[in-house]
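Visitor: First residue of the sequence shown: 1, per the UniProt record's numbering; consecutive thereafter.
For glycine and all other residues, C-beta sits at the position ideal for the given N, C-alpha and C.
Given the structure is predicted, the values throughout are model-derived calculations rather than measurements.
I am attaching a structure below and will ask some questions about it afterwards.
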Amino acid sequence: MRGNVLNKTRCGRPHKLSDRDARAIVRKVKEIPKISASNLADQIATVSGKKVHPETIRRVLRSGGYNGRVSRRKPFISSVN
């Protein structure tokens, strides 16, 4: 038998959020695009019990293809339009 069956030591700190948590965050933003990162952090804390900083949420969203732009508002329809 070759190799070792023991867990090898890893460098760096382990991720606070799992892949499942990250997918849930991206799914939530897809449903509600105007939700803030701090509101998402509060929801994650209540649902999964993991306390994360809003910047962690932003980092997950950036890796998921979202960025910090505010969505454009549609103009109200007027008689000129």
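1) Could you pull out every residue in the same chain whose Cβ sits closer than 8 Å to the Cβ of residue 61, ignoring the five residues on either side in sequence?
2) For residue 9, count neighbouring Cβ atoms within 10 angstroms of its own Cβ and tell me buried if that reaches 16, exposed if not.
3) DSSP three-state call for residue 7: helix, strand or coil?
4) Measuring CA to CA, which of 7, 48 and 78 is closest to residue 83?
5) To the nearest angstrom, how far is the alpha carbon of residue 18 from that of residue 7?
6) Verify whether the separation of the beta carbon atoms of residue 57 and residue 41 is less than 8 Å.
Guide: A quick look at the data gives this:
1) 25, 26, 29, 37 and 67
2) exposed
3) coil
4) Outside the shown range of the chain (1 to 81) lies residue 83, about which nothing can therefore be said.
5) 19 Å
6) yes
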